[in-house]
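Colleague: Quick one: this structure, given as structure tokens, is what I'll be asking you about.
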Amino acid sequence: MSNVPGVIPSAAAGVLIMHLLDNSIPKALKKACYGGSNTKIGYNWTQFSGKINAAIDHVALKIDYEYVSYQNDSRAKATHFMFYNEERAKKCMNTPIYYNGIAVELHQTVTLEEGTQIITIPNTNSLNIIKLVEAVNNTFTKNGIIYDFSAYKNKNNSKFHTFGVKFLFKKTIYSFEIPTFLEIDKFVLALTYRGCKPVCSFCKQQGHW
Numbered sequence: 022m023s024n025v026p027g028v029i030p031s032a033a034a035g036v037l038i039m040h041l042l043d044n045s046i047p048k049a050l051k052k053a054c055y056g057g058s059n060t061k062i063g064y065n066w067t068q069f070s071g072k073i074n075a076a077i078d079h080v081a082l083k084i085d086y087e088y089v090s091y092q093n094d095s096r097a098k099a100t101h102f103m104f105y106n107e108e109r110a111k112k113c114m115n116t117p118i119y120y121n122g123i124a125v126e127l128h129q130t131v132t133l134e135e136g137t138q139i140i141t142i143p144n145t146n147s148l149n150i151i152k153l154v155e156a157v158n159n160t161f162t163k164n165g166i167i168y169d170f171s172a173y174k175n176k177n178n179s180k181f182h183t184f185g186v187k188f189l190f191k192k193t194i195y196s197f198e199i200p201t202f203l204e205i206d207k208f209v210l211a212l213t214y215r216g217c218k219p220v221c222s223f224c225k226q227q228g229h230w
């Protein structure tokens with residue numbers, strides 16, 4: 022996210038947008054990780070500016086429970102807390118933690134089922150978020166199950182950014198091949214996922230992504 026021009030990472034927060042897909046009640050963001058569960062809560066370091074270690078220590082001190090373990094994942098740039106039970110984890114999610122006057126964005130975690138893909142849309146171009154959700158819905162839900170759908174919002178004005186949209190998808194129609202791009206209102210949006218061959222958004226050809 023820090024490579025996106027004009028975007029300050031600490032000003033963006035991941036949010037669940039599954040309710041735009043299925044009209045459900047908005048829920049807290051869940052992220053796939055190793056050992057994800059209802060008792061494992063995390064947060065991403067990209068929301069902080071300045072000294073990351075100071076922010077990590079501050080958040081840990083604000084967790085009002087002595088018997089909690091935590092681990093730092095430098096690859097994912099995230100910290101995770103492991104609680105004894107769901108009640109403790111839920112209390113953590115519902116208790117605001119502030120760092121430098123800004124609320125820390127916590128997320129729940131989930132373990133990927135076998136066969137589930139994390140599909141990313143790196144750039145949504147000039148497309149409205151609802152049109153994007155509708156297009157994903159039309160292409161994917163008839164061929165499988167979308168478990169989670171997330172995007173980035175600006176913390177200051179609550180508007181959606183045009184980068185980093187992700188969804189968890191498991192196909193039930195095994196002949197279905199996940200596309201490498203979506204065409205929506207004359208816009209071509211590239212999709213990336215494990216094992217995909219990157220395609221140029223302009224000419225739809227491989228080799229110069």
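Yeah, the sequence shown ends on 230 if you go by the numbering used here, and it's all consecutive. C-beta: ideal position from N, C-alpha, C; glycine also.
#1: Measuring CA to CA, which of Tyr105, Leu153, Val89, Ile84 is closest to Phe170?
#2: Which of helix, strand or coil does DSSP assign to Thr100?
#3: Quick one: is Ile151 buried, meaning 16 or more other Cβ sit within 10 Å of its Cβ, or exposed?
#4: Look at Lys191 and Ala172 and say whether their C-beta atoms are less than 9 angstroms apart.
#5: Please report the distance separating the alpha-carbon of Leu133 from that of Glu204.
#6: Alpha carbon to alpha carbon, what distance is there between Asn44 and Val80?
#7: Is the beta carbon of Gly185 closer than 9 angstroms to that of Thr213?
#8: Report back the beta-carbon spacing between Ala99 and Gly63 to the nearest angstrom; my notes put them in contact at under 8 angstroms.
#9: Just verifying my parser: in three-state terms, what is the DSSP assignment at Glu87?
Modeller: Reading off the structure:
#1: In the sequence shown, counting from the first residue as 1, residue 170 sits at position 149. Comparing Cα-Cα distances from Phe170 to each of Tyr105, Leu153, Val89, Ile84, the minimum goes to Leu153.
#2: Residue numbering aside, residue 100 sits at position 79 when the sequence shown is read from its first letter. In this structure, Thr100 counts as strand in the three-state DSSP scheme.
#3: Taking the sequence shown and counting its residues from 1, the one referred to as residue 151 is at position 130. Ile151 is exposed by the Cβ-count criterion.
#4: Position 170 of the sequence shown, counted from the start, is the residue given in the question as residue 191. Position 151 of the sequence shown, counted from the start, is the residue given in the question as residue 172. Their beta carbons are not under 9 angstroms apart, which means Lys191 does not touch Ala172 by this criterion.
#5: Locating residue 133 in the sequence shown gives position 112, where the first residue counts as 1. Locating residue 204 in the sequence shown gives position 183, where the first residue counts as 1. Using only the alpha carbons, I get a separation of about 28 angstroms.
#6: Numbered from its first residue, the sequence shown carries residue 80 at position 59. Numbered from its first residue, the sequence shown carries residue 44 at position 23. Distance between the alpha carbons of Val80 and Asn44 is about 33 angstroms.
#7: Residue numbering aside, residue 213 sits at position 192 when the sequence shown is read from its first letter. Residue numbering aside, residue 185 sits at position 164 when the sequence shown is read from its first letter. Contact flag unset, no.
#8: Counting from 1 along the sequence shown, the entry for residue 99 is found at position 78. Counting from 1 along the sequence shown, the entry for residue 63 is found at position 42. Indeed they touch by this definition, with Cβ atoms about 5 angstroms apart.
#9: Along the sequence shown, one-based indexing puts residue 87 at 66. Residue state, collapsed to three classes: coil.
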